[in-house]
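J.: First, the structure itself, so that you have it in front of you.
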Amino acid sequence: MSLLHAVFPPGIFSSGPVQAAAVVGAVVALVCGPVGVFTVIRGQSFAGHAFADITATGGSAAFLLGVSPLVGFVTLGLAGAGAMEVLGADRRRDRDVATGVVLGAGLGLSALLLYLSTTTETTTGAAVTVLFGSIFAVSSASLPLVIGFGALALFLVGLVYRPLLLSSINPELAAAQGTRLRLVGITYTVALALSVALSALTIGAILSTALLIGPAAAGLRLARSPGRAAAWATGIGVGVTWAGIVLAYDSYTWPPAQQGWPVSFFVVSLVLLVYVLAQLAGRSGHRASSPTPGTDISARTGGTNLGPQGG
Amino acid sequence: MPPGLFSGFMLDTWVEASVMAVVAGTVGFFVVLRGSTFAAHAIPQGAFAGAAGAALIGADTLVGVGVFSLLGVLAIARWGRTGRHDVVVALSLVTLLGIGSLFLSMSTEYAEQTFSLLFGEPLAVSSADLLPTAVLGAACVILVAVLYRALLLSSVAPELAAAKGIRPERIELWFLLAVGAVTIMALPVVGALLVFSLMIGPPAAARFFTDHPGRAMAVSGGLALLTVWAAIVASFWSNWPIGFFVGTAAVVWYAVGRAMAVLTTRRSPRRRVPFGVAGGEDLSVTGALSA
Numbered sequence: 033m034s035l036l037h038a039v040f041p042p043g044i045f046s047s048g049p050v051q052a053a054a055v056v057g058a059v060v061a062l063v064c065g066p067v068g069v070f071t072v073i074r075g076q077s078f079a080g081h082a083f084a085d086i087t088a089t090g091g092s093a094a095f096l097l098g099v100s101p102l103v104g105f106v107t108l109g110l111a112g113a114g115a116m117e118v119l120g121a122d123r124r125r126d127r128d129v130a131t132g133v134v135l136g137a138g139l140g141l142s143a144l145l146l147y148l149s150t151t152t153e154t155t156t157g158a159a160v161t162v163l164f165g166s167i168f169a170v171s172s173a174s175l176p177l178v179i180g181f182g183a184l185a186l187f188l189v190g191l192v193y194r195p196l197l198l199s200s201i202n203p204e205l206a207a208a209q210g211t212r213l214r215l216v217g218i219t220y221t222v223a224l225a226l227s228v229a230l231s232a233l234t235i236g237a238i239l240s241t242a243l244l245i246g247p248a249a250a251g252l253r254l255a256r257s258p259g260r261a262a263a264w265a266t267g268i269g270v271g272v273t274w275a276g277i278v279l280a281y282d283s284y285t286w287p288p289a290q291q292g293w294p295v296s297f298f299v300v301s302l303v304l305l306v307y308v309l310a311q312l313a314g315r316s317g318h319r320a321s322s323p324t325p326g327t328d329i330s331a332r333t334g335g336t337n338l339g340p341q342g343g
Numbered sequence: 035m036p037p038g039l040f041s042g043f044m045l046d047t048w049v050e051a052s053v054m055a056v057v058a059g060t061v062g063f064f065v066v067l068r069g070s071t072f073a074a075h076a077i078p079q080g081a082f083a084g085a086a087g088a089a090l091i092g093a094d095t096l097v098g099v100g101v102f103s104l105l106g107v108l109a110i111a112r113w114g115r116t117g118r119h120d121v122v123v124a125l126s127l128v129t130l131l132g133i134g135s136l137f138l139s140m141s142t143e144y145a146e147q148t149f150s151l152l153f154g155e156p157l158a159v160s161s162a163d164l165l166p167t168a169v170l171g172a173a174c175v176i177l178v179a180v181l182y183r184a185l186l187l188s189s190v191a192p193e194l195a196a197a198k199g200i201r202p203e204r205i206e207l208w209f210l211l212a213v214g215a216v217t218i219m220a221l222p223v224v225g226a227l228l229v230f231s232l233m234i235g236p237p238a239a240a241r242f243f244t245d246h247p248g249r250a251m252a253v254s255g256g257l258a259l260l261t262v263w264a265a266i267v268a269s270f271w272s273n274w275p276i277g278f279f280v281g282t283a284a285v286v287w288y289a290v291g292r293a294m295a296v297l298t299t300r301r302s303p304r305r306r307v308p309f310g311v312a313g314g315e316d317l318s319v320t321g322a323l324s325a
């Protein structure tokens, strides 16, 4: 009983910020599950992270300048998605360079906007808040917005689910079957931009990347179909977010300053732990069925069997 | 020219920034060739957490940056080959930054310094940084010179490299260590978030000027030098953060490269494709190697 009290101190479930954080975290994890699975299959973690960095800084710079952050992040996210798709060649190497150029431009612009707004309003540390974010700072008023854009992102992914899956695993076959790769790619990138921008604004850039990639990579390791991997990813994402929130709430009594450890630290640690455990579980579970040592090549070329990737 | 641009304390900045720029452009050539943009972005951004940690315990910023970029390098080199590479890079990055957020929450006096560490501050260079910069810069140049052929071959023709007995994991580790060294040199000047722009913008343009990898590397170093000089002058003159100019310069170089590619393809009847573009690289670079 005392242990239960130690983990869930009295008042945790009635705390307003904790409730809002739990709901927002769950919504973000729910969206990140399916979107993240495709991000990992397509090898677009860099793009996912780039959107988080750009929108977290840019969106809040817009806020500091007095423009609605919503306008800021939707504009930046969509412009970024468009730029990456237009510039990006078919090969991953060239796509990464294009993504990097867009990201660098976005970050540079954010530096300027933050500089201009910090000198006029003397808001020190804005850059830190923006990049690292805090899930406890989410107001429940932004909840409808979070749910609305999350639903839109999920709808877009659902709309192109089959061609997206096929073109992610076997682009040649998809093209031969008449899939419009470009259209599918753009639709998916817009969904990615929306969901990442949304989560980066509410929970910070670090958590956004961690929740997009970690649970999805673990889910793909544990499940054999993309649908199940998405379900795993969603479950893992909600679990680690809630556990991280509880731990962060507990940490207000911890040393050194008794002012609480950041949620990002706990959630990221848990994501890493689950990923490592999934790697170990996947390795022992698939050793017999997958003798090929190696990487994701088998998953990309060998039909829909997405589970085993390692040896 | 604004007055004071070449005054005493600015000289340290000019020297250190010039060394850093040439090395960044040279190493950046391989960043683009190997498709390691994400790693080149993740190592400096993760190293920012080290700067926060150093501030917390009162150590030198460069030591913190060095330790954390080494952690990032080792994590990516060790696990990047067994799993999906981009997933490992992303998780290494968020882990380092998660630790960084813990450091930041514990220190209270850090906020002022943070902006310049993220977005750059050329004036932060002191004469104490010159020796470490010179040593790291020289080490990087020697490393690239010694491993030149092995790096090229393992980047463009991994199977051929393996057949020649080049161990890819060793090459990857040395390459990432060079990226880590550039991080330590460049992070205080151009900022943790923009170091990678310096490593991808100039080489992305350079590879369109020449087919020869050695010459492209030299052009890339030169363009990076030009970028940093222009950025320092612009930042000094406008007082805007230097990161803005470095990030914008990368866009300019990239656009120049794309435009050159279009022009070259249109002009010559036999479609001439520089290496690193549209699958033509294997031929040109291995050709240059065997020549």
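In order, the protein sequence lines correspond to chains H and X. All the letters of the first sequence, read from the start, carry residue numbers 33 to 343 under this note's numbering. All the letters of the second sequence, read from the start, carry residue numbers 35 to 325 under this note's numbering. Ideal Cβ placement from N, Cα and C applies to all residues, glycine included.
List the residues of chain X whose Cβ lies closer than 9 Å to the Cβ of H/G246, in chain order.
T.: The contacting residues are V121, A124, L125 and V128.
J.: Compare the C-beta of H/D282 against all C-beta atoms of chain X and say whether one is closer than 8 Å.
T.: It does not: the Cβ of H/D282 has no partner Cβ on chain X nearer than 8 Å.
J.: Less than 8 Å between the beta carbons of X/A226 and X/C174, yes or no?
T.: Contact flag unset, no.
J.: Might you give, ordered along the chain, the residues of its own chain that have their beta carbon closer than 7 Å to the beta carbon of H/G276, omitting 5 neighbours on each side?
T.: For H/G276, where only same-chain residues beyond five positions count, the Cβ hits under 7 Å are V295, F298, V299 and L302.
J.: Jot down the residue ranges of each uninterrupted alpha helix (DSSP H) in the region 231-316 of chain H, minimum 4 residues, whole runs only, in chain order.
T.: Fully enclosed alpha helix (DSSP H) runs of 4 or longer: 237-254 and 258-282.
J.: For X/F153, decide whether its Cβ has a neighbour in chain H, counting only Cβ atoms nearer than 8 Å.
T.: Chain H, which has a Cβ nearer than 8 Å to the Cβ of X/F153, makes this yes.
J.: Which value, in whole angstroms, describes the spacing of the CA atoms of X/V178 and X/W208?
T.: Distance between the alpha carbons of X/V178 and X/W208 is about 9 Å.
J.: By Cβ distance, which residues of its chain are closer than 8 Å to H/Q291, with the 5 residues on each side in sequence left out?
T.: For H/Q291, where only same-chain residues beyond five positions count, the Cβ hits under 8 Å are Y284.
J.: Could you check what DSSP says for H/T336 in three-state terms: helix, strand or coil?
T.: Reliability fails at H/T336, whose pLDDT of 38 lies under 50, so the model's placement of it is uncertain and the value that follows must be treated cautiously. It is coil, neither helix nor strand.
J.: If the cut-off is 7 Å on Cβ atoms, which residues from the region 38-69 of chain X count as contacting chain H, listed in chain order?
T.: Those would be V66 and G69, in chain order.
J.: Would you please verify whether the beta carbon of X/L211 is less than 8 Å from any beta carbon of chain H?
T.: No, X/L211 does not count as interfacial toward chain H.
J.: With X/F242 as the anchor, note down where its alpha helix (DSSP H) starts and where it stops.
T.: Run containing X/F242: V229 to F243, per the alpha helix (DSSP H) assignment.
J.: Whose Cβ in chain X lies nearer than 9 Å to the Cβ of H/Y220?
T.: Residues of chain X passing the Cβ test: none, with the nearest at roughly 16 Å.
J.: Could you please give the first and the last residue of the uninterrupted alpha helix (DSSP H) stretch that includes H/L188?
T.: L175 to L191 is the extent of the alpha helix (DSSP H) around H/L188.
J.: Please report how far the alpha carbon of X/W48 lies from the alpha carbon of X/W263, in whole angstroms.
T.: Whole-angstrom Cα-Cα distance: 8 Å.
J.: Ends of the alpha helix (DSSP H) at X/F270?
T.: Element bounds for X/F270: P247 to S272.
J.: Of all Cβ atoms in chain H, is any one closer than 8 Å to the Cβ of X/P275?
T.: Yes, X/P275 lies at the interface with chain H (some Cβ there is under 8 Å from its Cβ).
J.: Can you tell me where the alpha helix (DSSP H) with X/P166 in it begins and where it stops?
T.: Run containing X/P166: L164 to V190, per the alpha helix (DSSP H) assignment.
J.: The alpha helix (DSSP H) spanning X/L131 covers which residue range?
T.: X/L131 -> alpha helix (DSSP H) spans H119 to M140.
J.: Helix, strand or coil: how does DSSP classify X/A322 here?
T.: Residue placement at X/A322 is flagged as unreliable, the pLDDT there being 46, under the threshold of 50; a coordinate-derived value is accordingly withheld.
J.: Short check: CB of H/G251 to CB of H/A242, under 8 Å?
T.: No. Outside cutoff.
J.: Do the region 65-75 of chain X and the region 127-138 of chain H make contact, defined as three or more Cβ pairs closer than 8 Å?
T.: Segments in contact, yes.
J.: To the nearest whole angstrom, what separates the beta carbons of X/L228 and H/G136, a pair I think is in contact under 8 Å?
T.: Going by Cβ atoms, the distance from X/L228 to H/G136 rounds to 6 Å, so yes, they are a contact pair.
J.: Is the beta carbon of X/L125 sitting closer than 8 Å to the one on H/I245?
T.: Yes.
J.: What is the DSSP secondary structure of H/G114, counted as helix, strand or coil?
T.: H/G114 falls in the helix class under three-state DSSP.
J.: Quick check on the burial criterion: 16 or more other C-beta atoms within 10 angstroms. Buried or exposed for X/W287?
T.: Buried, since its Cβ has 16 or more Cβ neighbours within 10 Å.
J.: Alpha carbons only, please: which of H/G190, H/D85, H/G140 and H/A249 is nearest the one belonging to H/L239?
T.: Among H/G190, H/D85, H/G140 and H/A249, the Cα nearest to that of H/L239 belongs to H/D85.
J.: With a Cβ-Cβ cutoff of 8 Å, do X/S269 and X/P156 count as a contact?
T.: Closer than 8 Å, so yes.
J.: Suppose you measure from the CA of H/G109 to the CA of H/V69; what does that come to, to the nearest Å?
T.: Their Cα atoms are separated by approximately 20 Å.
J.: Whole-angstrom Cβ separation of X/W218 and X/L170, contact assumed at under 8 Å?
T.: According to the sequence as given, residue 218 of chain X is Ile; it is not Trp. About 6 Å; that satisfies the 8 Å criterion.
J.: Give me, in chain order, the residues of the same chain whose beta-carbon lies closer than 8 Å to that of X/V311; leave out the 5 immediate sequence neighbours on both sides.
T.: The predicted position of X/V311 is uncertain, since its pLDDT is 41 and thus under 50; no value can be drawn from it.
J.: Out of X/G80, X/H119 and X/T71, point me to the one whose CA is closest to X/V101's CA.
T.: Answer by Cα proximity: X/G80.
J.: Cα separation between X/P236 and X/V56?
T.: When rounded, the distance between both Cα atoms is 10 Å.
J.: Going by beta carbon distance, what residues of the same chain come within less than 7 Å of X/F64, once the five residues before and after it are set aside?
T.: Correct list, in chain order: L185, S189 and F209.
J.: 8 Å is my cut-off, CB to CB: does X/I176 come that close to chain H?
T.: Output row for X/I176: interface = no.
J.: Which of the three DSSP states is assigned to H/R127 in this structure?
T.: The answer is helix: DSSP assigns H/R127 an H, G or I state.
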